[in-house]
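These notes concern the structure reproduced below.
Residue numbers (this note's numbering), protein chains in the order written: chain S, 7 to 276; chain B, 7 to 276.
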């Protein structure tokens, strides 16, 4: 089953465009998990159990596992093994390198860790993206227009053909011969969604920035869904993970995920 | 001691602008190390022992350790511990992300692994670079103009002010308030070195692409050195690591490193 098929199946089964980002920040873990042997893993397992029927995907963020040092790898591996096989996993590592190096990143994330999809930085161009797209059953989300202020510095700079991020979107369509490419588009960039969706009618958009960063959910869903009313993965991390710092962290995460999923569904049907 | 000071001291002591990239590809390890308990570590320790008096820095490539799975982290850690403390270590991971995520990458590479410097992808702009530059004693090499063909796709695209990579170089200078920023400039882009050096007279340039990729060493050294005749780290990986597939792999690596170091020195003095 390809990433796209798995994503559609999960989105349909859970009636959800919600992707939960797994960013286990040690400084924010609830006190209730801190005396566990592996607090991060304990925390994430409970979070996954509490939300797995509400999401279309999980997005573990590699940085937060890497910062754990030698416990990082086994913790990430055990987290991935705890995610139900029907839910696709996008590892957020924003890698980008050429040739042999890219092949080793692809092996690391797709083969050794078994991720269904990966975020990739397009700055170095086609030969930094192709080794990932060569895994035809895996998803590759290219950074296009991100939700942060720094998007002005390069992504939104004007070329003769328009801003750089539109060129990234055009190239993504050109390189998408296996139908496994997607784009990362920040929810704070609601003004860009109409043009990006016209340019890339079939690419899934991974959309961070609706929670803490204050993106406009209604505009994102209205302008960003594809012709089938899908093709969006609305990501929330901190708002769900740290909904409560108490013993009820998993229940609070579930409630918040439920609300956000329902808000998204309400936008889809209006 | 800052990264810049450590780099200058090592370059002076070893009279070298040569940086050796540590890209331990399992498919290319010499037969002689394959029956070791940890072939990668055994291989790299011998390589480091054979070259440590010839280099100004080592550049371990994270992908090749990551692809080892759970052995990756302890192998990378043990490799770093084997590098003499006087030689600076640049981890090549080309990370780039914002806020809390960038802080976790910085912690992972600078604090937990103890690297002296890191390669960073600038696509997401200032807030994806600032958390790394905030470590004032550490070096941050921004991808500017890379050696691969894909550099045409985005890096060399024209803005009103010139190609995108020149804007990256200008921004690097602007953001370099702590004097710890550098640029990655591919050796195959010899035509760009004069302008980049004018624009960024004091930034160190990390230069891959002289070996397998066929960059013009003489032009790079002539145009790329700073006013003190330094400021360059000429990287070679495969050409040195896999100079011989036999039991003499370390001696062969040393000979190749010596030749390349001497070629660079010859270009510096002409």
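The beta carbon of each residue, even a glycine, is placed where N, CA and C say it ideally should be.
Helix, strand or coil at residue i according to DSSP, with G and I counted as helix
i: residue 150/S; result: strand
i: residue 57/S; result: helix
i: residue 62/B; result: coil
i: residue 164/B; result: strand
i: residue 251/B; result: coil
i: residue 90/B; result: coil
i: residue 81/S; result: helix
i: residue 216/S; result: coil
i: residue 33/B; result: helix
i: residue 195/B; result: helix
i: residue 131/S; result: coil
i: residue 46/S; result: helix
i: residue 184/S; result: coil
i: residue 40/B; result: coil
i: residue 176/B; result: helix
i: residue 2/S; result: Nothing can be reported for residue 2/S, as the shown portion of chain S is limited to 7 through 276.
Under 8 Å by beta carbon: chain S residues contacting residue i
i: residue 166/B; result: 164
i: residue 203/B; result: Here the premise fails: no neighbours, minimum Cβ distance about 21 Å.
i: residue 51/B; result: Those do not exist, as residue 51/B stays about 19 Å from chain S at its closest Cβ, beyond 8 Å.
Start-to-end residues for the alpha helix (DSSP H) that takes in residue i
i: residue 137/B; result: 136-139
i: residue 12/S; result: 9-19
i: residue 71/B; result: 68-72
i: residue 199/B; result: 199-205
i: residue 255/S; result: 255-275
i: residue 105/B; result: 105-112
i: residue 224/S; result: 223-230
Residue i: contacting residues in chain B (beta-carbon distance under 8 Å)
i: residue 76/S; result: 79, 80 and 83
i: residue 284/S; result: Outside the displayed range of chain S (7 to 276) lies residue 284/S, so it cannot be described from this structure.
i: residue 275/S; result: Near residue 275/S there are no residues of chain B at all, since even the closest Cβ is about 32 Å away, more than 8 Å.
i: residue 239/S; result: Within 8 Å Cβ-Cβ: nothing; residue 239/S doesn't reach chain B, min ~17 Å.
i: residue 148/S; result: Here the premise fails: no neighbours, minimum Cβ distance about 10 Å.
Contact with chain B by residue i, beta-carbon distance below 7 Å
i: residue 113/S; result: yes
i: residue 97/S; result: no
i: residue 132/S; result: yes
i: residue 69/S; result: yes
i: residue 127/S; result: yes
i: residue 118/S; result: yes
Strand pairing of residue i, partner residues [DSSP]
i: residue 125/B; result: 147/B
i: residue 96/S; result: 123/S
i: residue 27/S; result: 65/S
i: residue 211/B; result: 189/B and 238/B
i: residue 169/S; result: 164/S
i: residue 101/S; result: 126/S
Chain B residues whose Cβ lies nearer than 9 Å to that of residue i
i: residue 173/S; result: 159, 160 and 163
i: residue 212/S; result: Simply none; closest approach about 14 Å.
Distance cut-off 6 Å: residue i Cβ against heavy atoms of the ligand HEM
i: residue 32/S; result: Ligands displayed in this structure: none; no statement on the ligand HEM is therefore possible.
Neighbour flag for residue i against chain S, beta carbons, 7 Å
i: residue 56/B; result: no
i: residue 256/B; result: no
i: residue 48/B; result: no
i: residue 152/B; result: yes
i: residue 100/B; result: yes
Chain S contact residues for residue i, given Cβ-Cβ distances below 7 Å
i: residue 88/B; result: Within chain S, no residue comes near residue 88/B; the closest Cβ sits about 17 Å away, beyond 7 Å.
i: residue 177/B; result: 159
i: residue 73/B; result: 110, 113, 114 and 118
i: residue 31/B; result: 106
i: residue 189/B; result: By Cβ distance, chain S contributes nothing, its closest Cβ being about 13 Å from residue 189/B, past 7 Å.
i: residue 223/B; result: The contacting residues do not exist; residue 223/B stays about 20 Å from chain S at best.
Closer than 7 Å at the beta carbon, the chain B residues around residue i
i: residue 183/S; result: Correct list: empty, because the minimum Cβ distance to chain B is about 16 Å.
i: residue 24/S; result: Residues of chain B passing the Cβ test: none, with the nearest at roughly 20 Å.
Proximal chain S residues relative to residue i, where beta-carbon distance stays under 9 Å
i: residue 124/B; result: Within 9 Å Cβ-Cβ: nothing; residue 124/B doesn't reach chain S, min ~12 Å.
Per-residue contacts from residue i into chain C (C-beta, under 8 Å)
i: residue 247/B; result: Absent from the structure is chain C; the protein chains it does hold are S and B.
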